[in-house]
Amino acid sequence: MALVETLFSLLDLKTILLGLSVLYLYKFWRNPLNFAPGPWGLPVIGCLPSLVLANQEMQFLFMDWSKKYGKIFAFNVCMKPVVVLNDYQSIHEGFFSPDIQSRPELKILTRFNKGRVFLSYEGVSNGSGAVWKEQRRFILSLFRSFGIGKASYEDQISVEVSHLIELLKTHGSRSFDPNIPLTNAIANIICSVSFGKRYEYDDKEFHQFLSVIYDMFKLFGEGGLLLGLPGVAYIPFGIPKRFIEKLNCYRNFAWKIFEEHEKTLDENNVRDIVDAYLIRMKNTKDVDPELFNFFNLLWVSGDLFIAGTETMSSTLCWAILFAITYPEIQVKVQDEMDSVVGKGMKPRLSDQANLHYVNAFIAETQRMGDVAPLGVVHEVARDTRLGDFMLPKGTMVQSNLTAVFRDPQLWKDPDTFNPGRFINEEGHFFKPKEFIPFSTGHRVCLGEQLARMELFIFITHLLSTFKFSIPEGTPPPSLEATTGITRTPKPFEITVECRE
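Numbering-wise, the sequence shown is residues 1 to 500 according to the UniProt record's numbering.
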(Lines of atoms letter the chains of each structure in order from A and count residues from 1; the text may use other names and numbers.)
(Lines give C-alpha, C1' and ligand atoms only; values in the text may rest on other atoms or scores of the structure.)
Protein backbone atom coordinates (compact mmCIF):
# COMPACT_ATOMS: atom_id res chain seq x y z
CA MET A 1 0.00 0.00 0.00
CA ALA A 2 2.85 2.38 0.85
CA LEU A 3 4.47 1.66 -2.54
CA VAL A 4 1.20 2.42 -4.34
CA GLU A 5 0.80 5.66 -2.42
CA THR A 6 4.39 6.65 -3.27
CA LEU A 7 3.93 5.88 -6.98
CA PHE A 8 0.61 7.75 -6.99
CA SER A 9 2.17 10.80 -5.36
CA LEU A 10 5.07 10.77 -7.86
CA LEU A 11 2.67 10.35 -10.77
CA ASP A 12 0.54 13.17 -9.43
CA LEU A 13 3.58 15.43 -9.13
CA LYS A 14 4.76 14.57 -12.64
CA THR A 15 1.29 15.17 -14.00
CA ILE A 16 1.14 18.57 -12.37
CA LEU A 17 4.59 19.54 -13.65
CA LEU A 18 3.82 18.25 -17.14
CA GLY A 19 0.51 20.08 -17.21
CA LEU A 20 2.09 23.33 -16.12
CA SER A 21 4.85 22.93 -18.71
CA VAL A 22 2.37 22.27 -21.52
CA LEU A 23 0.27 25.25 -20.53
CA TYR A 24 3.34 27.48 -20.37
CA LEU A 25 4.65 26.28 -23.74
CA TYR A 26 1.20 26.69 -25.28
CA LYS A 27 0.95 30.23 -24.00
CA PHE A 28 4.52 31.02 -25.08
CA TRP A 29 4.00 29.51 -28.56
CA ARG A 30 0.75 31.30 -29.24
CA ASN A 31 1.79 34.75 -28.08
CA PRO A 32 5.02 36.73 -28.60
CA LEU A 33 7.15 38.17 -25.84
CA ASN A 34 5.68 41.42 -24.52
CA PHE A 35 2.18 40.38 -25.57
CA ALA A 36 -0.59 41.96 -23.51
CA PRO A 37 -1.68 40.04 -20.38
CA GLY A 38 -5.13 38.54 -20.04
CA PRO A 39 -7.19 35.46 -19.18
CA TRP A 40 -5.65 32.22 -20.41
CA GLY A 41 -8.74 30.33 -21.43
CA LEU A 42 -8.74 26.72 -22.61
CA PRO A 43 -6.48 25.10 -25.21
CA VAL A 44 -7.70 25.59 -28.79
CA ILE A 45 -11.03 27.29 -28.00
CA GLY A 46 -9.46 29.84 -25.65
CA CYS A 47 -11.90 32.17 -23.88
CA LEU A 48 -14.85 31.34 -26.12
CA PRO A 49 -16.87 29.77 -23.26
CA SER A 50 -16.40 32.88 -21.11
CA LEU A 51 -17.72 35.08 -23.92
CA VAL A 52 -20.66 32.86 -24.83
CA LEU A 53 -21.76 32.14 -21.26
CA ALA A 54 -21.25 35.64 -19.84
CA ASN A 55 -24.30 36.88 -17.93
CA GLN A 56 -23.57 40.52 -18.78
CA GLU A 57 -23.07 42.66 -21.86
CA MET A 58 -19.71 41.98 -23.50
CA GLN A 59 -18.35 45.49 -22.97
CA PHE A 60 -18.98 45.23 -19.22
CA LEU A 61 -17.25 41.84 -19.10
CA PHE A 62 -14.25 43.47 -20.78
CA MET A 63 -14.35 46.30 -18.23
CA ASP A 64 -14.16 43.70 -15.44
CA TRP A 65 -11.20 42.00 -17.12
CA SER A 66 -9.56 45.39 -17.59
CA LYS A 67 -9.59 45.98 -13.82
CA LYS A 68 -7.54 42.80 -13.41
CA TYR A 69 -5.26 42.87 -16.46
CA GLY A 70 -4.96 46.54 -17.42
CA LYS A 71 -6.35 48.94 -20.01
CA ILE A 72 -4.87 46.80 -22.79
CA PHE A 73 -5.43 43.09 -22.35
CA ALA A 74 -5.55 40.07 -24.62
CA PHE A 75 -7.10 36.64 -24.93
CA ASN A 76 -7.44 33.90 -27.52
CA VAL A 77 -10.58 32.68 -29.26
CA CYS A 78 -10.20 29.50 -31.34
CA MET A 79 -6.46 30.09 -31.78
CA LYS A 80 -7.04 33.72 -32.79
CA PRO A 81 -5.43 36.41 -30.58
CA VAL A 82 -7.72 39.30 -29.60
CA VAL A 83 -6.55 42.53 -27.96
CA VAL A 84 -9.08 44.82 -26.26
CA LEU A 85 -8.43 48.54 -25.77
CA ASN A 86 -10.22 50.03 -22.76
CA ASP A 87 -9.17 53.67 -22.66
CA TYR A 88 -9.11 56.65 -24.98
CA GLN A 89 -5.32 56.83 -25.27
CA SER A 90 -4.87 53.24 -26.46
CA ILE A 91 -7.88 53.41 -28.82
CA HIS A 92 -6.63 56.66 -30.35
CA GLU A 93 -3.08 55.35 -30.75
CA GLY A 94 -4.20 51.98 -32.09
CA PHE A 95 -6.77 53.19 -34.59
CA PHE A 96 -4.43 55.80 -36.05
CA SER A 97 -1.66 53.23 -36.47
CA PRO A 98 -1.13 52.39 -40.17
CA ASP A 99 -0.52 48.78 -39.11
CA ILE A 100 -3.97 48.35 -37.52
CA GLN A 101 -6.30 49.32 -40.37
CA SER A 102 -7.36 45.92 -41.76
CA ARG A 103 -10.51 43.95 -41.07
CA PRO A 104 -10.53 40.27 -40.11
CA GLU A 105 -12.05 37.93 -42.67
CA LEU A 106 -15.64 37.03 -41.81
CA LYS A 107 -16.00 33.41 -42.86
CA ILE A 108 -19.77 33.72 -43.19
CA LEU A 109 -19.24 36.35 -45.92
CA THR A 110 -16.61 34.19 -47.58
CA ARG A 111 -19.23 31.44 -47.75
CA PHE A 112 -21.75 33.88 -49.26
CA ASN A 113 -19.24 35.06 -51.90
CA LYS A 114 -18.14 31.56 -52.90
CA GLY A 115 -18.42 30.85 -56.60
CA ARG A 116 -18.50 34.48 -57.74
CA VAL A 117 -16.28 35.81 -60.54
CA PHE A 118 -14.20 38.02 -58.25
CA LEU A 119 -12.58 37.05 -55.01
CA SER A 120 -13.10 40.15 -52.89
CA TYR A 121 -16.43 41.92 -52.42
CA GLU A 122 -15.84 43.77 -49.24
CA GLY A 123 -17.36 47.23 -49.58
CA VAL A 124 -16.28 49.78 -46.98
CA SER A 125 -17.05 48.34 -43.54
CA ASN A 126 -15.46 44.93 -44.12
CA GLY A 127 -12.86 45.90 -46.71
CA SER A 128 -9.11 46.09 -46.29
CA GLY A 129 -6.24 47.49 -48.30
CA ALA A 130 -6.91 49.00 -51.73
CA VAL A 131 -10.54 47.83 -51.80
CA TRP A 132 -11.38 49.67 -48.58
CA LYS A 133 -9.40 52.82 -49.46
CA GLU A 134 -10.91 53.22 -52.94
CA GLN A 135 -14.48 52.47 -51.85
CA ARG A 136 -14.28 54.83 -48.88
CA ARG A 137 -12.69 57.64 -50.90
CA PHE A 138 -15.34 57.31 -53.61
CA ILE A 139 -18.33 57.25 -51.24
CA LEU A 140 -17.03 60.23 -49.25
CA SER A 141 -16.64 62.19 -52.49
CA LEU A 142 -20.26 61.36 -53.35
CA PHE A 143 -21.44 62.50 -49.92
CA ARG A 144 -19.72 65.82 -50.50
CA SER A 145 -21.19 66.23 -53.98
CA PHE A 146 -24.69 65.42 -52.66
CA GLY A 147 -24.28 68.02 -49.90
CA ILE A 148 -24.42 65.53 -47.04
CA GLY A 149 -23.23 67.23 -43.88
CA LYS A 150 -24.10 70.64 -45.30
CA ALA A 151 -27.18 72.84 -45.25
CA SER A 152 -28.00 71.90 -48.85
CA TYR A 153 -29.08 68.42 -47.69
CA GLU A 154 -31.05 69.69 -44.70
CA ASP A 155 -34.37 70.05 -46.52
CA GLN A 156 -34.34 66.43 -47.70
CA ILE A 157 -34.03 65.17 -44.13
CA SER A 158 -36.61 67.69 -42.90
CA VAL A 159 -39.16 66.44 -45.44
CA GLU A 160 -38.77 62.89 -44.14
CA VAL A 161 -39.18 64.07 -40.53
CA SER A 162 -42.38 65.87 -41.60
CA HIS A 163 -43.77 62.56 -42.89
CA LEU A 164 -42.83 60.96 -39.57
CA ILE A 165 -44.51 63.73 -37.57
CA GLU A 166 -47.74 63.32 -39.52
CA LEU A 167 -47.67 59.59 -38.85
CA LEU A 168 -47.14 60.09 -35.10
CA LYS A 169 -50.08 62.50 -34.97
CA THR A 170 -52.40 59.72 -36.16
CA HIS A 171 -51.81 57.84 -32.90
CA GLY A 172 -53.71 60.51 -30.97
CA SER A 173 -53.70 59.62 -27.29
CA ARG A 174 -53.00 55.92 -27.96
CA SER A 175 -49.67 54.51 -26.81
CA PHE A 176 -47.25 52.96 -29.29
CA ASP A 177 -43.70 51.67 -29.69
CA PRO A 178 -41.62 54.40 -31.41
CA ASN A 179 -39.01 52.03 -32.82
CA ILE A 180 -40.81 51.02 -36.03
CA PRO A 181 -41.78 54.52 -37.24
CA LEU A 182 -38.30 55.85 -36.41
CA THR A 183 -36.66 52.99 -38.29
CA ASN A 184 -38.93 53.56 -41.29
CA ALA A 185 -38.00 57.24 -41.45
CA ILE A 186 -34.25 56.68 -41.09
CA ALA A 187 -34.30 53.88 -43.66
CA ASN A 188 -36.08 56.16 -46.11
CA ILE A 189 -33.24 58.67 -45.91
CA ILE A 190 -30.75 55.91 -46.74
CA CYS A 191 -33.05 54.76 -49.57
CA SER A 192 -33.13 58.30 -50.94
CA VAL A 193 -29.37 58.80 -50.97
CA SER A 194 -28.60 55.24 -52.15
CA PHE A 195 -31.48 54.40 -54.49
CA GLY A 196 -33.03 57.80 -55.22
CA LYS A 197 -36.36 56.66 -53.84
CA ARG A 198 -38.45 56.98 -50.69
CA TYR A 199 -41.18 54.54 -49.72
CA GLU A 200 -44.52 55.07 -48.07
CA TYR A 201 -44.41 53.70 -44.54
CA ASP A 202 -47.08 51.09 -45.32
CA ASP A 203 -45.36 49.87 -48.51
CA LYS A 204 -45.22 46.07 -48.46
CA GLU A 205 -41.90 45.81 -50.30
CA PHE A 206 -40.37 48.38 -47.95
CA HIS A 207 -41.48 46.41 -44.89
CA GLN A 208 -40.10 43.17 -46.31
CA PHE A 209 -36.77 44.86 -46.97
CA LEU A 210 -36.55 46.33 -43.45
CA SER A 211 -37.50 42.95 -42.02
CA VAL A 212 -34.52 41.41 -43.82
CA ILE A 213 -32.18 44.11 -42.46
CA TYR A 214 -33.55 43.59 -38.93
CA ASP A 215 -33.19 39.81 -39.16
CA MET A 216 -29.60 40.13 -40.40
CA PHE A 217 -28.79 42.33 -37.42
CA LYS A 218 -30.49 39.95 -35.01
CA LEU A 219 -28.81 36.85 -36.41
CA PHE A 220 -25.38 38.45 -36.50
CA GLY A 221 -25.87 39.62 -32.94
CA GLU A 222 -26.80 36.09 -31.87
CA GLY A 223 -23.96 34.48 -33.80
CA GLY A 224 -21.36 37.12 -32.96
CA LEU A 225 -17.77 35.90 -33.18
CA LEU A 226 -18.95 32.42 -34.11
CA LEU A 227 -19.97 33.55 -37.61
CA GLY A 228 -16.39 34.56 -38.24
CA LEU A 229 -15.00 31.10 -37.53
CA PRO A 230 -14.35 28.71 -40.44
CA GLY A 231 -16.14 25.65 -39.06
CA VAL A 232 -19.22 27.45 -37.77
CA ALA A 233 -19.71 29.60 -40.88
CA TYR A 234 -20.20 26.53 -43.08
CA ILE A 235 -22.72 24.73 -40.87
CA PRO A 236 -25.74 24.02 -43.15
CA PHE A 237 -28.37 24.74 -40.49
CA GLY A 238 -29.20 27.12 -37.65
CA ILE A 239 -27.96 30.70 -37.51
CA PRO A 240 -25.36 30.39 -40.33
CA LYS A 241 -27.96 28.97 -42.72
CA ARG A 242 -30.56 31.62 -41.84
CA PHE A 243 -28.00 34.40 -42.11
CA ILE A 244 -27.06 33.30 -45.64
CA GLU A 245 -30.76 33.19 -46.54
CA LYS A 246 -31.20 36.79 -45.38
CA LEU A 247 -28.10 37.89 -47.29
CA ASN A 248 -29.62 36.34 -50.41
CA CYS A 249 -32.89 38.20 -49.79
CA TYR A 250 -31.01 41.48 -49.50
CA ARG A 251 -29.03 40.74 -52.65
CA ASN A 252 -32.21 40.00 -54.62
CA PHE A 253 -33.81 43.26 -53.48
CA ALA A 254 -30.71 45.33 -54.29
CA TRP A 255 -30.03 43.54 -57.59
CA LYS A 256 -33.47 44.49 -58.85
CA ILE A 257 -32.79 48.16 -58.07
CA PHE A 258 -29.36 48.00 -59.73
CA GLU A 259 -30.91 46.60 -62.91
CA GLU A 260 -33.60 49.31 -62.95
CA HIS A 261 -30.89 51.97 -62.59
CA GLU A 262 -28.87 50.46 -65.45
CA LYS A 263 -31.85 50.74 -67.79
CA THR A 264 -32.45 54.43 -66.99
CA LEU A 265 -28.85 55.54 -66.40
CA ASP A 266 -28.02 59.07 -67.57
CA GLU A 267 -24.43 60.19 -66.98
CA ASN A 268 -25.57 63.81 -67.10
CA ASN A 269 -28.15 63.30 -64.35
CA VAL A 270 -26.72 61.44 -61.35
CA ARG A 271 -29.68 60.65 -59.11
CA ASP A 272 -28.05 58.72 -56.28
CA ILE A 273 -25.14 56.55 -55.15
CA VAL A 274 -26.14 53.62 -57.37
CA ASP A 275 -26.09 55.86 -60.46
CA ALA A 276 -22.69 57.29 -59.52
CA TYR A 277 -21.28 53.83 -58.83
CA LEU A 278 -22.54 52.41 -62.13
CA ILE A 279 -20.94 55.32 -63.98
CA ARG A 280 -17.69 54.71 -62.08
CA MET A 281 -17.81 51.05 -63.11
CA LYS A 282 -18.39 52.06 -66.71
CA ASN A 283 -15.39 54.41 -66.71
CA THR A 284 -12.96 52.27 -64.78
CA LYS A 285 -10.92 50.64 -67.56
CA ASP A 286 -7.67 51.90 -66.07
CA VAL A 287 -8.47 50.57 -62.60
CA ASP A 288 -8.41 47.04 -61.20
CA PRO A 289 -11.95 45.73 -61.96
CA GLU A 290 -12.00 44.10 -58.54
CA LEU A 291 -12.36 47.55 -56.98
CA PHE A 292 -15.58 48.64 -58.70
CA ASN A 293 -18.06 45.92 -59.62
CA PHE A 294 -21.63 44.86 -58.90
CA PHE A 295 -20.65 42.84 -55.85
CA ASN A 296 -18.78 45.69 -54.20
CA LEU A 297 -21.77 47.91 -55.01
CA LEU A 298 -23.90 45.34 -53.20
CA TRP A 299 -21.67 45.54 -50.12
CA VAL A 300 -21.38 49.34 -50.20
CA SER A 301 -25.15 49.78 -50.30
CA GLY A 302 -25.44 47.18 -47.56
CA ASP A 303 -22.90 49.08 -45.45
CA LEU A 304 -25.03 52.22 -45.68
CA PHE A 305 -28.24 50.43 -44.69
CA ILE A 306 -26.88 48.16 -42.01
CA ALA A 307 -24.64 50.78 -40.38
CA GLY A 308 -26.89 53.76 -41.01
CA THR A 309 -30.34 52.45 -40.13
CA GLU A 310 -30.04 50.38 -36.97
CA THR A 311 -27.53 52.59 -35.16
CA MET A 312 -29.44 55.79 -35.91
CA SER A 313 -32.91 54.46 -35.06
CA SER A 314 -31.50 53.01 -31.82
CA THR A 315 -29.98 56.38 -30.88
CA LEU A 316 -33.29 58.14 -31.55
CA CYS A 317 -35.11 55.56 -29.41
CA TRP A 318 -32.66 56.25 -26.59
CA ALA A 319 -33.29 60.00 -26.99
CA ILE A 320 -37.05 59.53 -26.62
CA LEU A 321 -36.57 57.09 -23.74
CA PHE A 322 -34.40 59.59 -21.86
CA ALA A 323 -36.88 62.38 -22.65
CA ILE A 324 -39.80 60.51 -21.06
CA THR A 325 -37.71 59.20 -18.15
CA TYR A 326 -36.44 62.68 -17.29
CA PRO A 327 -39.33 65.02 -18.23
CA GLU A 328 -37.60 68.01 -16.61
CA ILE A 329 -34.74 67.58 -19.10
CA GLN A 330 -37.22 67.31 -21.98
CA VAL A 331 -38.80 70.60 -20.89
CA LYS A 332 -35.39 72.28 -20.66
CA VAL A 333 -34.59 71.21 -24.24
CA GLN A 334 -37.95 72.52 -25.47
CA ASP A 335 -37.61 75.81 -23.58
CA GLU A 336 -34.26 76.50 -25.21
CA MET A 337 -35.67 75.83 -28.69
CA ASP A 338 -38.68 78.08 -27.97
CA SER A 339 -36.34 80.84 -26.80
CA VAL A 340 -33.84 80.62 -29.66
CA VAL A 341 -36.02 79.85 -32.70
CA GLY A 342 -39.55 80.53 -31.44
CA LYS A 343 -42.31 78.21 -30.25
CA GLY A 344 -43.83 76.20 -33.07
CA MET A 345 -40.79 76.81 -35.29
CA LYS A 346 -38.49 74.02 -36.44
CA PRO A 347 -34.79 74.61 -35.71
CA ARG A 348 -32.45 74.65 -38.69
CA LEU A 349 -28.80 73.72 -38.88
CA SER A 350 -27.98 77.43 -38.81
CA ASP A 351 -29.50 77.52 -35.30
CA GLN A 352 -27.43 74.65 -33.96
CA ALA A 353 -24.52 76.76 -32.71
CA ASN A 354 -26.92 78.66 -30.42
CA LEU A 355 -28.74 75.58 -29.05
CA HIS A 356 -26.21 74.62 -26.40
CA TYR A 357 -28.43 72.49 -24.17
CA VAL A 358 -29.97 70.73 -27.18
CA ASN A 359 -26.48 69.75 -28.35
CA ALA A 360 -25.64 68.62 -24.82
CA PHE A 361 -28.79 66.46 -24.70
CA ILE A 362 -27.85 64.82 -28.00
CA ALA A 363 -24.28 64.18 -26.83
CA GLU A 364 -25.39 62.71 -23.50
CA THR A 365 -27.85 60.49 -25.37
CA GLN A 366 -24.98 59.17 -27.46
CA ARG A 367 -22.77 58.66 -24.40
CA MET A 368 -25.36 56.85 -22.30
CA GLY A 369 -27.14 55.12 -25.20
CA ASP A 370 -23.77 53.89 -26.43
CA VAL A 371 -25.28 52.12 -29.46
CA ALA A 372 -21.97 50.73 -30.77
CA PRO A 373 -20.15 49.86 -27.54
CA LEU A 374 -17.42 47.76 -29.14
CA GLY A 375 -17.20 49.60 -32.44
CA VAL A 376 -15.98 47.50 -35.37
CA VAL A 377 -13.05 45.15 -34.92
CA HIS A 378 -9.69 45.93 -36.59
CA GLU A 379 -6.92 43.50 -37.52
CA VAL A 380 -3.15 43.93 -37.39
CA ALA A 381 -1.75 43.87 -40.93
CA ARG A 382 1.89 43.43 -39.87
CA ASP A 383 3.74 42.91 -36.58
CA THR A 384 3.57 46.16 -34.65
CA ARG A 385 3.81 47.74 -31.22
CA LEU A 386 0.97 49.34 -29.30
CA GLY A 387 1.90 51.00 -26.04
CA ASP A 388 4.19 48.60 -24.18
CA PHE A 389 3.04 45.52 -26.07
CA MET A 390 3.86 43.69 -29.29
CA LEU A 391 0.93 42.71 -31.53
CA PRO A 392 1.62 40.00 -34.11
CA LYS A 393 0.14 40.08 -37.60
CA GLY A 394 -3.42 38.75 -37.61
CA THR A 395 -4.29 39.93 -34.09
CA MET A 396 -7.85 41.22 -33.81
CA VAL A 397 -8.05 44.61 -32.08
CA GLN A 398 -11.31 45.54 -30.38
CA SER A 399 -12.12 48.94 -28.86
CA ASN A 400 -14.32 49.17 -25.78
CA LEU A 401 -16.00 52.57 -26.11
CA THR A 402 -18.14 51.89 -23.05
CA ALA A 403 -15.00 51.82 -20.93
CA VAL A 404 -14.27 55.34 -22.19
CA PHE A 405 -17.83 56.63 -21.79
CA ARG A 406 -18.17 55.19 -18.26
CA ASP A 407 -14.70 56.11 -17.02
CA PRO A 408 -15.16 57.95 -13.67
CA GLN A 409 -11.87 59.76 -14.24
CA LEU A 410 -13.37 61.40 -17.34
CA TRP A 411 -17.02 61.77 -16.34
CA LYS A 412 -18.45 62.65 -12.93
CA ASP A 413 -21.15 60.13 -11.95
CA PRO A 414 -20.76 58.35 -15.32
CA ASP A 415 -23.87 56.17 -14.86
CA THR A 416 -26.13 59.21 -14.47
CA PHE A 417 -27.87 60.85 -17.43
CA ASN A 418 -26.76 64.48 -17.21
CA PRO A 419 -26.56 66.71 -20.32
CA GLY A 420 -25.02 69.41 -18.12
CA ARG A 421 -21.69 67.61 -18.26
CA PHE A 422 -21.35 68.93 -21.84
CA ILE A 423 -21.96 72.56 -20.80
CA ASN A 424 -18.94 74.66 -19.80
CA GLU A 425 -18.72 77.53 -17.32
CA GLU A 426 -19.81 80.03 -19.98
CA GLY A 427 -22.97 78.01 -20.60
CA HIS A 428 -21.75 76.83 -23.98
CA PHE A 429 -21.75 73.30 -25.38
CA PHE A 430 -18.36 71.63 -25.56
CA LYS A 431 -17.10 68.14 -26.42
CA PRO A 432 -14.12 66.58 -24.64
CA LYS A 433 -11.68 64.84 -26.97
CA GLU A 434 -12.58 61.55 -25.28
CA PHE A 435 -16.15 61.80 -26.60
CA ILE A 436 -15.91 59.51 -29.66
CA PRO A 437 -19.37 58.02 -30.39
CA PHE A 438 -18.36 57.45 -34.03
CA SER A 439 -15.04 55.88 -32.99
CA THR A 440 -11.76 57.44 -34.09
CA GLY A 441 -8.85 56.91 -36.43
CA HIS A 442 -8.60 56.32 -40.15
CA ARG A 443 -11.68 54.05 -40.13
CA VAL A 444 -13.97 56.44 -38.26
CA CYS A 445 -17.66 55.96 -39.16
CA LEU A 446 -18.21 56.64 -42.87
CA GLY A 447 -21.61 58.23 -42.31
CA GLU A 448 -20.67 60.46 -39.36
CA GLN A 449 -21.65 63.72 -41.07
CA LEU A 450 -25.00 62.35 -42.21
CA ALA A 451 -25.64 60.88 -38.76
CA ARG A 452 -24.93 64.20 -37.02
CA MET A 453 -27.39 65.96 -39.33
CA GLU A 454 -30.05 63.31 -38.77
CA LEU A 455 -29.69 63.40 -35.00
CA PHE A 456 -30.03 67.16 -34.78
CA ILE A 457 -32.93 67.48 -37.23
CA PHE A 458 -34.92 64.49 -35.97
CA ILE A 459 -34.55 65.29 -32.27
CA THR A 460 -35.21 69.02 -32.56
CA HIS A 461 -38.18 68.67 -34.92
CA LEU A 462 -39.77 65.92 -32.84
CA LEU A 463 -39.28 67.64 -29.47
CA SER A 464 -40.40 71.02 -30.80
CA THR A 465 -43.61 69.39 -32.10
CA PHE A 466 -44.52 66.92 -29.36
CA LYS A 467 -44.49 66.37 -25.65
CA PHE A 468 -43.41 62.74 -25.18
CA SER A 469 -44.72 60.90 -22.11
CA ILE A 470 -44.91 57.54 -20.39
CA PRO A 471 -48.41 56.12 -20.99
CA GLU A 472 -50.68 56.84 -18.05
CA GLY A 473 -50.91 54.01 -15.55
CA THR A 474 -47.75 52.24 -16.74
CA PRO A 475 -44.46 51.99 -14.81
CA PRO A 476 -41.36 53.82 -16.05
CA PRO A 477 -39.66 51.87 -18.84
CA SER A 478 -36.39 50.07 -18.23
CA LEU A 479 -33.13 51.78 -19.07
CA GLU A 480 -31.49 48.39 -19.60
CA ALA A 481 -30.44 47.46 -23.10
CA THR A 482 -30.73 44.61 -25.54
CA THR A 483 -27.32 44.06 -27.11
CA GLY A 484 -26.63 42.46 -30.47
CA ILE A 485 -24.52 44.26 -33.04
CA THR A 486 -25.94 47.45 -31.58
CA ARG A 487 -27.10 48.35 -28.09
CA THR A 488 -30.83 49.17 -28.24
CA PRO A 489 -33.40 49.99 -25.55
CA LYS A 490 -35.72 47.22 -24.49
CA PRO A 491 -39.16 47.69 -26.11
CA PHE A 492 -41.18 50.52 -24.57
CA GLU A 493 -44.26 52.54 -25.42
CA ILE A 494 -44.96 56.27 -25.41
CA THR A 495 -47.75 58.76 -25.93
CA VAL A 496 -47.42 62.03 -27.83
CA GLU A 497 -49.20 65.34 -27.39
CA CYS A 498 -48.86 68.24 -29.83
CA ARG A 499 -47.25 71.31 -28.27
CA GLU A 500 -48.75 73.74 -30.78
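Note that beta-carbon positions come from the ideal geometry of N, C-alpha and C, so glycine has one too.
Values in this document were obtained by computation on a predicted structure and should not be read as measured data.
- Check the Cα spacing between Ala-381 and each of Val-270, Gly-94, Ala-74, Tyr-88: the tightest is with Gly-94.
- In this structure, the alpha-carbon of Cys-445 lies about 27 Å from that of Asn-252.
- Going by beta carbons, Tyr-357 and Ile-423 fall inside the 8 Å limit.
- Contact annotation: Arg-421 and Glu-328 have beta-carbon atoms that are not nearer than 8 Å.
- The alpha helix (DSSP H) runs lying completely inside the stretch 115-171 and spanning 4 residues or more are 129-146, 154-169, given in chain order.
- DSSP places Cys-191 in the uninterrupted alpha helix (DSSP H) bounded by 179-195.
- About 5 Å separates the CB atoms of Gly-123 and Asp-303; that is less than 8 Å, so the two are in contact.
- With distances taken between CA atoms, Leu-142 lies nearest to Val-300 out of Ser-211, Val-300, Ser-97, Thr-384.
- If you ignore the 5 residues before and after Ser-66, its C-beta comes within less than 7 Å of the C-beta of Phe-73, Asn-86, Ala-403, all in its own chain and listed in chain order.
- When only Cα atoms are considered, Pro-432 and Phe-405 end up about 11 Å apart.
- The criterion of a C-beta distance shorter than 8 Å is satisfied by Val-274 and Phe-258.
- If you compare the alpha carbons of Leu-455, Gln-409, Gln-101, Met-396 with that of Cys-78, the shortest gap goes to Met-396.
- Of all C-beta pairs linking the stretch 124-140 to the stretch 468-485, fewer than three are shorter than 8 Å, placing the two stretches out of contact.
- In the DSSP assignment, Pro-49 falls within the unbroken alpha helix (DSSP H) covering 48-52.
- Comparing alpha-carbon positions, the option among Ser-439, Val-52, Asn-354, Ile-324 lying closest to Phe-468 turns out to be Ile-324.
- Per DSSP, the continuous beta strand (DSSP E) segment holding Leu-386 begins and ends at 384-386.
- Around the beta carbon of Leu-247, a 10 Å sphere encloses 16 or more other beta carbons of the protein chains shown; the residue is thus reported as buried.
- Within the DSSP secondary-structure output, Val-371 pairs in no beta bridge.
- Within the same chain, Cβ atoms closer than 7 Å to the Cβ of Phe-195 are found at Ile-257, Asp-272, Val-274, the five residues on either side in sequence being excluded.
- With a 10 Å radius around the Cβ and a threshold of 16 neighbouring Cβ atoms, Trp-411 comes out buried.
- The C-alpha of Asp-99 lies about 44 Å from the C-alpha of Leu-463.
- Annotation note: the stretch 77-111 contains the following uninterrupted alpha helix (DSSP H) runs of length 4 or greater, listed N- to C-terminal: 88-96.
- The three-state reading of DSSP puts Val-331 in helix, counting H, G and I together.
- Val-496 is a Cβ neighbour of Phe-466, given a cutoff of 8 Å.
- In the three-state reduction of the DSSP assignment, Cys-498 falls in the strand class.
- Shown here, Ser-478 sits in coil according to DSSP, grouped into three states, outside any helix or strand.
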